[in-house]
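The sequence shown stops at residue 341 when you use this note's numbering, and every number in between is there.
The C-beta atom is built at its ideal place from N, Cα and C for all residues, glycine as well.
Okay, so here's the structure we're looking at.
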Amino acid sequence: MKNVHVRVKEAKAGVIELGVGYGDYERFRGSFDVSYRNLFGMNRQLSFRTEISSLEQRYIVNYTEPWFLGKRLPFKMLLIKEERTEKTIETRETRYKLRRHTASVGLEKKFSERVKGEIFYDFSLVKTFEVKPDVILTKEDVGTLAIAGIRPGIVYDTRDNPFDPRKGVLAGISVKTASGYLLSETDFVKAIVNGSAYKALNKNFVVAVSLKSGMSQGFGKTRELPLVERFFLGGRTTVRGYEQDTLGPKGVNGSPTGGNMFILTNLELRTDVAKGFGLVTFLDGGNVWKKNSDVKLSDMKYTAGAGIRYNTPVGPLRIDYGHKLDRETGESKGEVHFSIGHAF
């Protein structure tokens, strides 16, 4: 019998992270994160995060208690302050502005290495202002509104790399129910289902495919969902070739109003061409409908395009050009998109 001595050195609990990025919609953006991962020597975690761009400022406080009621059941509390301006890319015209304060509490459960579930209660005070008149569908689109609800969700993830996957599946479903019984001033149910799959054909080629859909419905006295809860599509991570959030129903002056239902499909062939560099060809499709009963697959809008990738530690730096395959009168032929990270 032999004695084995193992020396264990505790990792540093404090972490400071800085991030910078650029996107065609928000332009330059940056983040600053300070966290401590062993509060009071009990593995409790506390973090403060700031995200700033030309269009958005977010401040997030996140606390995690790893053991809840004596069980390995992480309990989380978040406080979020957000200010955002929604603009058109070409004219930089303001569509609306919002100021939101959110408090969330919830539990996470890791069922296995691949499956994780969560359930949260969210309470938000949202103020929307400087809203373009043709975007307004309900009186709740302007002014201050309390939105509160329960949000359960589950995720299945077998990807080999979350930043640049070559194989695996990512799938999930989340449902949000807002109700006056939960202190909300608007009542609705909102569900989002998504699935993505990745397959390496060989060391240089990866096929990636994604399908995502969302459906929502007001109930009680709510006939139209408030602006901040409606679905929007178009842009660098959805249907490339269209400006940010411009697909779907529009107001009398052409401003996108969002809708209660969306379908999104994406297909990519990712190719490694040199050390750190890659090419992508893609086909995107999707649309937004005002009502769930309005859905027609013949209304789907499709784009095709190509892009260049340069790998970084936090995902690929990318430039994409999407070309509209069913362009309507007055629309551009396509759009160029800049961002960090894959579209899906």
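Hey, which unbroken runs of the beta strand (DSSP E) at 3 residues or more fall wholly within the segment 7 to 76? List check, beta strand (DSSP E) in window: 11 to 20, 24 to 36, 41 to 50 and 53 to 62.
Is it right to say residue 108 is buried, meaning 16 or more other beta carbons lie within 10 angstroms of its own, or is it exposed? Exposed, by the Cβ-count rule.
Three-state secondary structure assigned by DSSP to residue 358: Since the displayed the chain opens at -2 and closes at 341, residue 358 lies outside it and no answer follows.
Please return the same chain residues whose Cβ sits closer than 6 angstroms to the Cβ of residue 75, not counting the five positions on each side in sequence. The residues are 59 and 101.
What residue does the beta strand (DSSP E) around residue 332 start on, and which one ends it? Where residue 332 is concerned, the enclosing beta strand (DSSP E) stretches over 331 to 337.
With 16 other Cβ atoms within 10 Å as the buried cut-off, status of residue 39: With fewer than 16 other CB atoms across the displayed protein chains lying within 10 angstroms of its CB, residue 39 is exposed.
Run through DSSP, which three-state label would residue 177 get? It is helical.
Residue from 338, 194 and 131 with nearest C-alpha to residue 204: Among 338, 194 and 131, the Cα nearest to that of residue 204 is on 194.
Closest to residue 265 by CA distance: which of 254, 22 and 281 is it? Distance check between residue 265 and each of 254, 22 and 281 places 281 closest, using alpha-carbon atoms only.
Alpha carbon to alpha carbon, how far is residue 251 from residue 298? Put simply, the backbone Cα of residue 251 is about 17 angstroms away from that of residue 298.
Alpha carbons only, please: which of 146, 207, 153 and 56 is nearest the one belonging to residue 177? Among 146, 207, 153 and 56, the Cα nearest to that of residue 177 is on 146.
Which residues DSSP lists as bridging residue 265, in chain order: Answer by DSSP bridge pairing, in chain order: 205 and 279.
Where residue 70 and residue 153 are concerned, what is the direct C-alpha to C-alpha distance, given to the nearest angstrom? So the two alpha carbons sit approximately 18 angstroms from each other.
Would you check if there are 3 or more beta carbon pairs closer than 8 angstroms linking the segment 124 to 132 to the segment 155 to 172? Segments in contact, no.
Let me check understanding here. Comparing Cα to Cα, which of 310, 134, 149 and 111 lies closest to residue 165? Among 310, 134, 149 and 111, the Cα nearest to that of residue 165 belongs to 111.
Buried versus exposed, by CB contacts within 10 Å (16 or more), residue 232: Per the 10 Å Cβ criterion, buried.
Mind checking whether residue 77 and residue 55 have CB atoms under 8 angstroms apart? Their beta carbons are under 8 angstroms apart, which means residue 77 touches residue 55 by this criterion.
Rounded to the nearest angstrom, what separates residue 161 and residue 337 at their Cα positions? When rounded, the distance between both Cα atoms is 11 angstroms.
Do you know offhand how far residue 44's Cα is from residue 36's? Using only the alpha carbons, I get a separation of about 11 angstroms.
Min CB distance residue 108 to chain B below 8 angstroms: You won't find chain B in this structure, because it holds only one protein chain.
Please report how far the alpha carbon of residue 26 lies from the alpha carbon of residue 314, in whole angstroms. If I take the Cα positions, the gap works out to 14 angstroms.
Taking the alpha carbon of residue 290 as the point to measure from, which residue in 201, 219 and 259 has its own alpha carbon closest? Closest by C-alpha distance to residue 290, out of 201, 219 and 259, is 259.
Relative to the C-alpha of residue 214, which candidate in 29, 184, 263 and 132 has its C-alpha closest? The candidate whose alpha carbon is nearest that of residue 214 is 184.
Bridge partners of residue 184, per DSSP? None, per the DSSP bridge assignment.
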